[in-house]
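J.: Below you'll find the structure I mean.
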Ligand SMILES: NC(=O)c1ccc[n+]([C@@H]2O[C@H](COP(=O)([O-])OP(=O)(O)OC[C@H]3O[C@@H](n4cnc5c(N)ncnc54)[C@H](OP(=O)(O)O)[C@@H]3O)[C@@H](O)[C@H]2O)c1
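Residue numbers (our numbering): 5 to 240.
What follows is the structure, given as structure tokens:
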């Protein structure tokens with residue numbers, strides 16, 4: 005894919021991985037719409053990114069289909085086409101299953117799993133038109149289960165299955181579909197404050213570079229499921 009002037013939509017682009025991917029795509033000359041639940045937070049992120057007119061700020065809670073539909077329509081109105089969608093927004097609540105709060109379960113399922121479907125549902129016609137690329141941000145938690153992860157594991161195993169099946173449905177339209185499954189990334193996830201202590205983790209810009217590499221890959225080749233982990237977790 006020639007990236008200059010291509011249009012991307014990144015859910016949860018106000019910080020962390022989504023923000024870093026936005027930066028990488030902008031550096032390639034792409035136009036990028038970023039979303040989050042709070043418009044002020046998204047606008048602050050856009051100010052940090054720079055690139056002025058190449059960035060569109062959207063308030064959209066991915067748990068609401070109508071919000072995702074409106075977000076995609078705003079992108080099409082501004083730029084006329086949509087080439088890349090990264091369903092990245094996600095939350096994590098970690099507790100032994102007997103202590104897991106019902107509200108936390110619902111928030112994870114509605115955001116991490118249903119939200120990913122809503123983002124695809126709202127954008128799939130636009131992606132068919134451009135033979136675009138749809139990616140999800142799953143996790144190694146989508147293949148490795150762990151204690152206190154029952155709710156989060158359930159959503160990320162779900163995202164991996166969802167994305168792989170979607171890949172089989174959509175590739176005949178020329179749409180590429182990939183799920184990226186990182187281990188620990190130095191972000192604000194789960195109330196983390198990124199700092200020196202996170203130097204051993206994958207850095208968000210590493211995922212940004214990976215997304216650029218995927219977009220530039222030859223059209224005939226599709227890495228559909230990518231596990232990525234810190235090289236030296238022993239340095240934790
Ligand atoms: N960090 C890791 O170690 C790691 C590892 C593997 C996978 N992941 C996955 O990577 C993705 C990004 O996480 P991150 O690490 O970058 O975390 P982060 O720094 O906390 O960023 C999460 C982003 O998601 C947005 N968001 C949350 N709920 C949303 C909703 N309902 N609607 C729209 N946006 C929403 C947040 O924006 P607002 O709060 O402004 O709405 C924020 O921009 C998640 O799916 C996470 O599960 C993370």
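Just so you know, even glycine gets a beta-carbon here, dropped at the ideal spot from N, CA and C.
Could you check the C-alpha separation between residue 192 and residue 18 for me, to the nearest Å?
T.: 11 Å
J.: How about residue 236: is its Cβ closer than 7 Å to a heavy atom in ligand 1?
T.: no
J.: Counting Cβ pairs, one atom from each stretch, are 3 or more of them under 8 Å apart for the segment 113-121 and the segment 197-217?
T.: no
J.: Hey, residue 90 and residue 14: beta-carbon distance below 8 Å or not?
T.: yes
J.: Going along the chain, which residues of its own chain have a beta-carbon closer than 8 Å to the beta-carbon of residue 59, five neighbours each way excluded?
T.: Excluding sequence positions up to five before and after residue 59, its CB lies within less than 8 Å of the CB of 26, 30, 35, 36, 37, 38, 50, 53, all in the same chain and listed in chain order.
J.: What residues in its chain sit with their C-beta under 7 Å from that of residue 162, if we drop five residues either side in the sequence?
T.: 117
J.: Would residue 130 pass as a contact of residue 172 if the rule is Cβ separation under 8 Å?
T.: no
J.: Would you say the beta carbon of residue 21 is closer than 7 Å to some non-hydrogen atom of ligand 1?
T.: In terms of side-chain proximity, the C-beta atom of residue 21 is found nearer than 7 Å to a non-hydrogen atom of ligand 1.
J.: Short check: CB of residue 87 to CB of residue 140, under 8 Å?
T.: No, the pair does not count as a contact, with Cβ atoms beyond the cut-off.
J.: Note down, in chain order, each residue of its chain lying with its Cβ closer than 7 Å to the Cβ of residue 188, except the 5 sequence neighbours on either side.
T.: Scanning its chain for C-beta atoms nearer than 7 Å, with the 5 sequence neighbours on each side dropped, one finds around residue 188 the residues 205, 206, 234, in chain order.
J.: Going by DSSP, name the residue or residues bridged to residue 229.
T.: 183
J.: Does the beta-carbon of residue 228, which I'm using as the reference point, lie nearer than 7 Å to any heavy atom of ligand 1?
T.: no
J.: Does DSSP put residue 143 in a helix, a strand or coil?
T.: coil
J.: Near residue 202, what residues of its chain come up, given a Cβ to Cβ distance below 7 Å and the 5 sequence neighbours on each side ignored?
T.: 190
J.: Reducing DSSP to helix, strand and coil, say where residue 117 ends up.
T.: helix
J.: Could you check what DSSP says for residue 67 in three-state terms: helix, strand or coil?
T.: In the structure shown, residue 67 falls within a coil segment according to DSSP collapsed to helix, strand and coil.
J.: Ligand 1 and residue 154: does the residue's C-beta get closer than 7 Å to at least one heavy atom of that ligand?
T.: no
J.: Below 8 Å on the Cβ atoms is my contact criterion, and I expect residue 144 with residue 186 to pass it. Report the Cβ-Cβ distance as a whole number of Å.
T.: 7 Å
J.: How far does the alpha helix (DSSP H) with residue 107 in it reach, from first residue to last?
T.: 106-112
J.: Is any non-hydrogen atom of ligand 1 found closer than 7 Å to the C-beta of residue 193, if you look at the structure I gave you?
T.: Yes.
J.: Would you check whether ligand 1 has a heavy atom nearer than 7 Å to the C-beta of residue 66?
T.: yes
J.: When the Cα atoms are used, what is the spatial distance from residue 108 to residue 20?
T.: 21 Å
J.: For residue 62, which of helix, strand or coil comes out of DSSP?
T.: strand
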